[in-house]
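Engineer: Read in order, the letters of the sequence shown are residues 0 to 179 in numbering that gives the first Met the number 0.
Yeah, the Cβ is synthetic: ideal placement off N, Cα and C, and Gly gets one too.
Just so it is clear, the structure is predicted and the values come from calculations on it, not from any experiment.
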Amino acid sequence: MVLVSQLIWLFLPVGIANIFASLSRHILPQWIYPLDFNKEFRGKRIFGGHKTIRGFIFGVSAAFLFFIFQIYLYNTCPAINNISLINYSDSSILIGFIMGLGALLGDALKSFFKRQINIPPGRPWFPFDQLDWVVGGTLLSWPFVSVSSYTIITAIGLGLLFHLLFKVIGYIFRVDKTII
């Protein structure tokens, strides 16, 4: 159970990037310019209209800011040290940026493949919709956080489980249109 707490704390910026990218549509709805600039590859949109520059900026910024908050808590709250897999005092604030960037690049890469195999934006693609952000965020940040491959694999598994749990809760409360 300790490892679960440690992984949630370490990779929380990855999840926050994913959440804030989605929430950004409610914050600045007029900023809807697509991340792919409406370009196509093999006659199909590269990422589709759901991936916006607004979401990318908000998601990466939220991860970056939350990582700074984690550093602050690590340095001021001794209890946080017990669940920290890394020494935040020695960590660059750019790790938060890298985590957010990885999460959203993973999501964009998955969207690229969805478009290429004719899955419309917003339609489910299990398990890739559940894994894209956590795989992207953990793999891109792995060289900077010095954790074992076992820890990374466990983080990806937990990311899948938590994503499924939150999707079911979102479906029950009618926040999400699909259960998966």
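On the criterion of 16 or more Cβ atoms from any shown chain inside 10 Å, does residue 103 qualify as buried, or is it exposed?
Structural biologist: On the sequence shown, position 104 is the one that residue 103 refers to. Result: buried.
Engineer: Closer than 7 angstroms by C-beta to residue 59: which residues in its own chain qualify, once you throw out the five before and the five after it? Chain order, please.
Structural biologist: In the sequence shown, counting from the first residue as 1, residue 59 sits at position 60. Closer than 7 angstroms at Cβ, skipping near neighbours: 16, 96, 99, 100, 103.
Engineer: As a quick exercise: from 0, 10, 176, 178, pick the residue whose alpha carbon is nearest that of residue 145.
Structural biologist: Locating residue 145 in the sequence shown gives position 146, counting from the first residue. Ranking 0, 10, 176, 178 by Cα distance to residue 145 puts 10 first.
Engineer: Going by C-alpha distance, which of 20, 26, 81 is nearest residue 55?
Structural biologist: As a working note, residue 55 is residue 56 in the sequence shown. Among 20, 26, 81, the Cα nearest to that of residue 55 is on 20.
Engineer: Decide if the stretch 107 to 124 is in contact with the stretch 27 to 45; the criterion is three or more beta carbon pairs, one per stretch, under 8 angstroms apart.
Structural biologist: Three or more Cβ pairs drawn from the stretch 107 to 124 and the stretch 27 to 45 lie within less than 8 angstroms of each other, which places the two stretches in contact.
Engineer: Nearest by alpha-carbon distance to residue 117: which of 37, 1, 41 is it?
Structural biologist: To locate residue 117, count along the sequence shown from 1; it is residue 118. If we check each option's Cα against that of residue 117, 41 comes out closest.
Engineer: Please return the same chain residues whose Cβ sits closer than 6 angstroms to the Cβ of residue 132, not counting the five positions on each side in sequence.
Structural biologist: Numbered from its first residue, the sequence shown carries residue 132 at position 133. The residues are 17, 102, 105, 106.
Engineer: Can you round the beta-carbon distance between residue 83 and residue 73 to whole angstroms, since I take them to be within the 8 angstroms contact cut?
Structural biologist: Locating residue 83 in the sequence shown gives position 84, counting from the first residue. Locating residue 73 in the sequence shown gives position 74, counting from the first residue. Indeed, because the Cβ distance is near 6 angstroms, the residues count as touching under 8 angstroms.
Engineer: Sorted by chain position, which residues of the same chain lie with C-beta nearer than 8 angstroms to residue 173's C-beta, five sequence neighbours on each side aside?
Structural biologist: In the sequence shown, residue 173 corresponds to position 174, counting from 1. Here the set comprises nothing.
Engineer: What's the call for residue 154, buried or exposed, on a 16-neighbour Cβ count within 10 Å?
Structural biologist: Numbered from its first residue, the sequence shown carries residue 154 at position 155. With 16 or more other Cβ atoms within 10 Å, it is buried.
Engineer: For residue 27 versus residue 150, is the C-beta distance shorter than 8 angstroms?
Structural biologist: Translated into the one-based positions of the sequence shown, residue 27 becomes position 28. Translated into the one-based positions of the sequence shown, residue 150 becomes position 151. The answer is no: Cβ separation not under 8 angstroms.
Engineer: Taking all protein chains shown into account, decide if residue 135 is buried (16 or more other Cβ within 10 angstroms of its Cβ) or exposed.
Structural biologist: Within the sequence shown, residue 135 is the residue found at index 136, counting from 1. That one is buried.
Engineer: Per DSSP, which residues does residue 40 bridge with? Please list them.
Structural biologist: Position 41 of the sequence shown holds residue 40. According to DSSP, which records beta bridges pairwise, residue 40 is partnered with 43.
Engineer: Taking the straight line between their C-alpha atoms, what separation do you get for residue 69 and residue 23?
Structural biologist: In the sequence shown, counting from the first residue as 1, residue 69 sits at position 70. In the sequence shown, counting from the first residue as 1, residue 23 sits at position 24. Residue 69 and residue 23: Cα-Cα distance of roughly 22 angstroms.
Engineer: In angstroms with no decimal places, state the Cα-to-Cα distance between residue 127 and residue 53.
Structural biologist: Against the sequence shown, residue 127 aligns to sequence position 128. Against the sequence shown, residue 53 aligns to sequence position 54. For residue 127 and residue 53, the distance between alpha carbons rounds to 23 angstroms.
Engineer: Could you tell me if residue 177 is buried or exposed, where buried requires 16 or more neighbouring beta carbons within 10 angstroms of its beta carbon?
Structural biologist: If you number the sequence shown from 1, residue 177 lands on position 178. That one is exposed.
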